[in-house]
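This report refers to the structure that appears directly beneath it.
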Amino acid sequence: MLQLNRLGKVYGGSILCTALKDIDLTVDRGEFLGIMGPSGSGKTTLLRLIAALDVPTSGEVLIDGRNPHLLPRNELARFRRRELGLVLQDFNLLDTMTVEENIVMPLALEGVQYGEMAEKAAMVADQLGIGNILHKRVHEISGGQAQRAAIARAIIHGPGMLLCDEITGNLDSKSSQGVMEVLEAVHQTDGATILLVTHDPMVASYCRRVVFIKDGQLYNEIICGENRQHFFQRIMDTLSLMGGNIHDRMAFRLS
Amino acid sequence: MLTAPVMDTKVAAGFHLAETVIYLFSVLFIWFSMRAFLKSREHQFKLFLTFGMTPGQLKLMIFLEHMLIGLIGTMTGLTLSLSFVKMVLLIAENVVGLDFRLYFYFPMKALALTFGAFIALFAVLSVCAGLFLDRERWILFPQQWNKQSSKEPNASRPLAVSAPIFLAGGYGMALSLPESPSTFMIVCVVVSEAIGTYFLFDQLGVCIIHTYKRNRHFFWRRTNLLLLSDLANRMKDCARTLFMISILFMIAMTAIGMMAGYQGMIKNRISQENPFALVYASSSGNMRETKDVAEIERALEEHGIPFQRLQATIKELPIAKSNNSLRIIPASEFNAIARAAGNVAVAPTGTQAILVPNDDSQGPVQGTGGSTLRVGLLALQVTGVMEAYSFPDFDSYLVVSDDVYALLNDYTRKVSFHLFDVDDWRQTEGVARQLKQRFGPTGEGKVDFTFFSLTYTLGKIRQVYGGSLFALFFIGAVFFAASWSFLYFRLYTNLQEDQRKFAVMNTIGLTDQELSKVITLQLILLIFTPFFVALVHSSFAMMILQHAIQYNLMKETMAVLGAFLTAHVFYFAAVRSAYVKRVKQSITYP
Ligand SMILES: Nc1ncnc2c1ncn2[C@@H]1O[C@H](COP(=O)(O)OP(=O)(O)OP(=O)(O)O)[C@@H](O)[C@H]1O
Ligand SMILES: [Mg+2]
Chain G
1 MLQLNRLGKV
11 YGGSILCTAL
21 KDIDLTVDRG
31 EFLGIMGPSG
41 SGKTTLLRLI
51 AALDVPTSGE
61 VLIDGRNPHL
71 LPRNELARFR
81 RRELGLVLQD
91 FNLLDTMTVE
101 ENIVMPLALE
111 GVQYGEMAEK
121 AAMVADQLGI
131 GNILHKRVHE
141 ISGGQAQRAA
151 IARAIIHGPG
161 MLLCDEITGN
171 LDSKSSQGVM
181 EVLEAVHQTD
191 GATILLVTHD
201 PMVASYCRRV
211 VFIKDGQLYN
221 EIICGENRQH
231 FFQRIMDTLS
241 LMGGNIHDRM
251 AFRLS
Chain Y
1 MLTAPVMDTK
11 VAAGFHLAET
21 VIYLFSVLFI
31 WFSMRAFLKS
41 REHQFKLFLT
51 FGMTPGQLKL
61 MIFLEHMLIG
71 LIGTMTGLTL
81 SLSFVKMVLL
91 IAENVVGLDF
101 RLYFYFPMKA
111 LALTFGAFIA
121 LFAVLSVCAG
131 LFLDRERWIL
141 FPQQWNKQSS
151 KEPNASRPLA
161 VSAPIFLAGG
171 YGMALSLPES
181 PSTFMIVCVV
191 VSEAIGTYFL
201 FDQLGVCIIH
211 TYKRNRHFFW
221 RRTNLLLLSD
231 LANRMKDCAR
241 TLFMISILFM
251 IAMTAIGMMA
261 GYQGMIKNRI
271 SQENPFALVY
281 ASSSGNMRET
291 KDVAEIERAL
301 EEHGIPFQRL
311 QATIKELPIA
321 KSNNSLRIIP
331 ASEFNAIARA
341 AGNVAVAPTG
351 TQAILVPNDD
361 SQGPVQGTGG
371 STLRVGLLAL
381 QVTGVMEAYS
391 FPDFDSYLVV
401 SDDVYALLND
411 YTRKVSFHLF
421 DVDDWRQTEG
431 VARQLKQRFG
441 PTGEGKVDFT
451 FFSLTYTLGK
461 IRQVYGGSLF
471 ALFFIGAVFF
481 AASWSFLYFR
491 LYTNLQEDQR
501 KFAVMNTIGL
511 TDQELSKVIT
521 LQLILLIFTP
531 FFVALVHSSF
541 AMMILQHAIQ
551 YNLMKETMAV
561 LGAFLTAHVF
571 YFAAVRSAYV
581 KRVKQSITYP
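These protein sequence lines are chains G and Y, in that order. For the first sequence, UniProt numbering gives the first residue as 1, with consecutive numbering after it. For the second sequence, UniProt numbering gives the first residue as 1, with consecutive numbering after it.
This is the structure in structure tokens:
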């Protein structure tokens, strides 16, 4: 499904900054992959490269054998709104619209009928627990609600691949769990491939596999075995081995 | 600015008025741009205040910043305007058709005055802008949520409906104005139009957008969602600017329309009243007649202008028992001339006479037919009156049958006219100038011939009106430029917002076509609405002017408005492509 070959990114400017270096990664169709790493390690950069929002300086991205960076721009746009669901770190909601209007955007652009759009919007909003704020404007809602609205917008069109960057950063543990259950459901019912960037080991433990990035390079990868508690523990261990930011308090969450 | 010595006092007064108006508009322009500039940096200021800057420090910073901008801006403006003045002069020479050069000089005093005036303006306005900040709540509570800007703008239905009522009412009043309207009536019309126009943008526009938004099947269709979601906000924000821009456009269009109208009217009147390009009139006893006529013919031939020479001899006779005299022309000659000039022929029989009156003359045979005039032994019956223009500057005359004409031999004077009919009188300009020089000053004193040239006379008249026409043209050009820059500025205050919006849309997936479609529609609405409002207003103003000067301005109005429209379409195209480019640039495309 998704294949990264020796992917590298160097940010230009007065000082060059190597954000990613020679990343080789293969993600199967329908996989639920977690990506972890210290702040500034290049996780967001990786997602942006996969979504073709930025150009790599070396290597290539292949999605179903096609390189999105080589698609004509209009093709790319259509690819994004049909095949891709994107939740970025800063939510990216349009603040001149209501939450509902934001959520239906990908469907509207595809020319879906009004009734169907309204129905689907109500459905995903209910799943994510934001059904009561659909008619509010974006700056009238909280950070956590905005995050869930952005998730709703990313999954409403049933994308084949979902890229999520820090989607639980503003949520308490209960809401986080709610959001993860929704993602799990999307993963299981639609068979979507999910890439999830997170700092939260509890959130990461929902994944089947977690890769660790450090200083722009792949550091380690662990696969979920039978036991989720065990998986969680191994994530914690890897994080502390790696140094960087370890959220010790997270340890209590799962218990 | 321009204080060339060729200006007469009236024109100078016009320019001083224009100067004042332009300065006032600069005040408004700078004020609005300052406010917009401060608004776009509100976020930054709030952060400064949050981290402990005092409001006093903030205002000082704003003042210093604006003074710096003002200094740089005024210097650049002065440099640019010097080159612009030269350009305007060049254009004006050609458009108005001035013969003399409008010469350019380096206006030290004017430059110093302008510099001082604008620096003072910047100082006063930036202090005011600082004081205005005190009215904003965020000066005291920088982190308080600003509800106002996030709300849907409200528009009241009654006010929205009142916009067309005010507009129609104003037009109705204007149409039913009496011959000499009082100042009060004119003020009523203007105020009613102004209110109508303002509500059109502020209320009706917003209302219409709301109506579209309420229809969700429409609103949620493809890019409509993107286009309409903030259009109402934009419209409300821009209402005041759009209103002002329409007024500026209207003044520009009306001024230039008036210029073209007057010019067209003068040209038309003169060429209509003088169907022949060249006329040589000679009193009996003029020795040079044959030589001069031959010379005219040769000159025309040399220039390769095909012509037809017509001749008429008018006899001047005293009316019995009166001090007045009559001018009489035979029907055969009159008809030949009439055919060439495109007038109808006449056929007086017996002692019948047809009166051809001249508008300006107060001759003895004014009025209608039916009267009898005794000349010599004959009694002429004036059986008809007919308008015809054939001779330049001539009194009324009578057309009689050739037989009668032959009988009238006790004339006091005989004047023979040589009329040169050419296809296009504009071609005769060179010939006329050359001949004018050859013949010397004519028409006055003892000289017993006159030489008339249509192009020459028209040129003379143009020089007389040139100053006023130039003032009109100048005012129009300045106002048009002002409205364009206002509009441009206003559009660019939304650029940041749009860049963010489309960056977000890019992550969702928006094709290039969709992007430019949304931007294009949005710009069409903001660029063309005020323009069309101004177009309607100024066509109306031209209609009223047409009524006042009793001359059909249709052609001139169409030409001027057409030219404006073309220019505006190009403006739109340029702004649009620049805007689309700027928005696309801000999106990191692969
Ligand atoms: N536009 C940019 N220009 C230059 N350098 C950049 C740019 N964006 C990111 N970087 C640099 O690239 C590196 C990786 O950034 P990235 O945003 O991918 O980190 P991250 O892993 O997402 O961090 P976080 O967990 O804090 O979100 C950082 O060192 C950052 O400074
Ligand atoms: Mg990041």
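Positions of the beta carbon are idealized from the N, C-alpha and C atoms, including for glycine.
Three-state secondary structure assigned by DSSP to residue i
{"i": "Glu184(G)", "result": "helix"}
{"i": "Met67(Y)", "result": "helix"}
{"i": "Asn5(G)", "result": "strand"}
{"i": "residue 591(Y)", "result": "Since the first residue shown for chain Y is 1 and the last is 590, residue 591(Y) is missing from the structure and cannot be characterised."}
{"i": "Met258(Y)", "result": "helix"}
{"i": "Pro550(Y)", "result": "Reading off the sequence, residue 550(Y) comes out as Gln, not Pro. Gln550(Y): coil per DSSP, three-state reduction."}
{"i": "Glu429(Y)", "result": "helix"}
{"i": "Asn220(G)", "result": "strand"}
{"i": "Glu444(Y)", "result": "Residue placement at Glu444(Y) is poorly supported in this model, since its pLDDT is 49, which falls under 50; the coordinates are not used for a value here."}
{"i": "residue 658(Y)", "result": "Nothing in the structure corresponds to residue 658(Y), since chain Y is present only between 1 and 590."}
{"i": "Thr372(Y)", "result": "strand"}
{"i": "Ala379(Y)", "result": "strand"}
{"i": "His418(Y)", "result": "strand"}
{"i": "Phe307(Y)", "result": "strand"}
{"i": "Leu16(G)", "result": "coil"}
{"i": "residue 591(Y)", "result": "Lying before the first or after the last residue shown, residue 591(Y) is absent from chain Y, which here runs from 1 to 590."}
{"i": "Leu241(G)", "result": "helix"}
{"i": "Asp126(G)", "result": "helix"}
{"i": "Gly342(Y)", "result": "coil"}
{"i": "Phe451(Y)", "result": "strand"}
{"i": "Ile72(Y)", "result": "helix"}
{"i": "Gly115(G)", "result": "helix"}
{"i": "Arg234(G)", "result": "helix"}
{"i": "Ser83(Y)", "result": "helix"}
{"i": "Ala112(Y)", "result": "helix"}
{"i": "Arg327(Y)", "result": "strand"}
{"i": "Tyr389(Y)", "result": "coil"}
{"i": "Ala92(Y)", "result": "helix"}
Near ligand 4: residue i beta-carbon under 7 Å from a heavy atom
{"i": "Gln89(G)", "result": "As for ligand 4, it is missing from this structure, which binds only ligand 1 and ligand 2."}
Query raised in the report: If you pair each beta-carbon of the segment 106-113 of chain G with each one of the segment 207-227 of chain Y, do three or more pairs fall below 8 Å?
Result: yes
Requested in this report: Determine, using beta-carbon pairs with one atom in the segment 191-202 of chain Y and one in the segment 156-172 of chain Y, whether at least three such pairs fall under 8 Å.
Outcome: yes
Report task. Would you list, in chain order, the members of the segment 75-107 of chain G that have their beta-carbon closer than 8 Å to a beta-carbon of chain Y? Result -> Leu76, Ala77, Arg78, Phe79, Arg80, Arg81, Arg82, Leu84, Leu86, Leu88, Asn92, Leu93, Leu94, Asp95, Thr96, Met97, Glu101, Val104, Met105 and Pro106
Query raised in the report: In chain order, which continuous runs of the beta strand (DSSP E) of length 3 or greater are located wholly inside the segment 28-111 of chain G?
Result: 32-36, 58-63 and 84-87
Query - Contiguous alpha helix (DSSP H) assignments of at least 4 residues, all confined to the segment 27-58 of chain Y - result: 42-50
Query raised in the report: With contact counted as at least three CB pairs below 8 Å, one residue from each stretch, are the segment 94-101 of chain G and the segment 133-149 of chain G in contact?
Result: yes
Requested in this report: With 7 Å as the C-beta to C-beta threshold (strictly closer), list the residues of the segment 235-251 of chain Y near chain G in chain order.
Outcome: none
Requested in this report: Decide yes or no for the touch test of the segment 404-414 of chain Y against the segment 376-386 of chain Y: beta carbon pairs closer than 8 Å, at least 3 of them.
Outcome: yes
Report task. For ligand 1, list every residue whose C-beta falls under 5 Å from any of its heavy atoms, going in chain order. Result -> Tyr11(G), Cys17(G), Ala19(G), Ser39(G), Gly40(G), Ser41(G), Gly42(G), Lys43(G), Thr44(G) and Thr45(G)
Query raised in the report: Are the segment 116-134 of chain G and the segment 260-273 of chain Y touching, with three or more C-beta to C-beta distances below 8 Å?
Result: no
Query - Interfacial residues, the segment 203-223 of chain Y to chain G, with Cβ spacing under 8 Å - result: Arg216, His217, Trp220, Arg221, Arg222 and Thr223
Query - Near-chain Y residues of the segment 107-119 of chain G (beta-carbon distance less than 7 Å), N- to C-terminal order - result: Ala108, Leu109, Gly111, Tyr114 and Met117
Query raised in the report: Which parts of the segment 129-212 of chain G are runs of the beta strand (DSSP E), unbroken and 3 residues or longer, counting only runs that do not cross its ends?
Result: 161-165 and 193-197
Query - Contact set between the segment 43-54 of chain G and chain Y, restricted to residues whose Cβ is under 9 Å from the partner - result: Arg48, Ala51, Ala52, Leu53 and Asp54
Report task. Would you mind listing the alpha helix (DSSP H) stretches within the segment 201-282 of chain Y that are 4+ residues and don't spill past its ends, in chain order? Result -> 206-214, 216-219, 224-229 and 231-273
Report task. Could you tell me whether the segment 427-442 of chain Y touches the segment 340-353 of chain Y, using the rule of 3 or more Cβ pairs below 8 Å? Result -> no
Query raised in the report: Using a Cβ cut-off of 7 Å, which residues of the segment 62-76 of chain G contact any Cβ in chain Y, in chain order?
Result: His69, Arg73 and Asn74
Query raised in the report: What alpha helix (DSSP H) runs, 4 residues minimum, are completely inside the segment 154-199 of chain Y?
Result: 157-175 and 183-199
**Report entry** In chain order, each alpha helix (DSSP H) run of at least 4 residues that lies wholly inside the UniProt domain "ABC3 transporter permease C-terminal" (474-585) of chain Y
**Finding:** 495-508 and 512-549
Query raised in the report: Between the segment 174-186 of chain G and the segment 8-15 of chain G, are three or more C-beta pairs nearer than 8 Å?
Result: no
Query raised in the report: Given a limit of 9 Å on CB to CB distance, which residues of the segment 486-510 of chain Y reach chain G?
Result: Glu497, Arg500, Lys501, Ala503, Val504, Met505, Asn506, Thr507, Ile508, Gly509 and Leu510
Query raised in the report: Are the segment 205-218 of chain Y and the segment 165-177 of chain Y in contact at 8 Å, needing three or more beta carbon pairs?
Result: no
Requested in this report: Indicate whether the contact test is met: 3 or more Cβ pairs, each with one atom in the segment 106-117 of chain Y and one in the segment 52-62 of chain Y, closer than 8 Å.
Outcome: no
**Report entry** Inter-stretch contact at 8 Å, needing at least 3 Cβ pairs: the segment 285-301 of chain Y / the segment 411-424 of chain Y
**Finding:** yes
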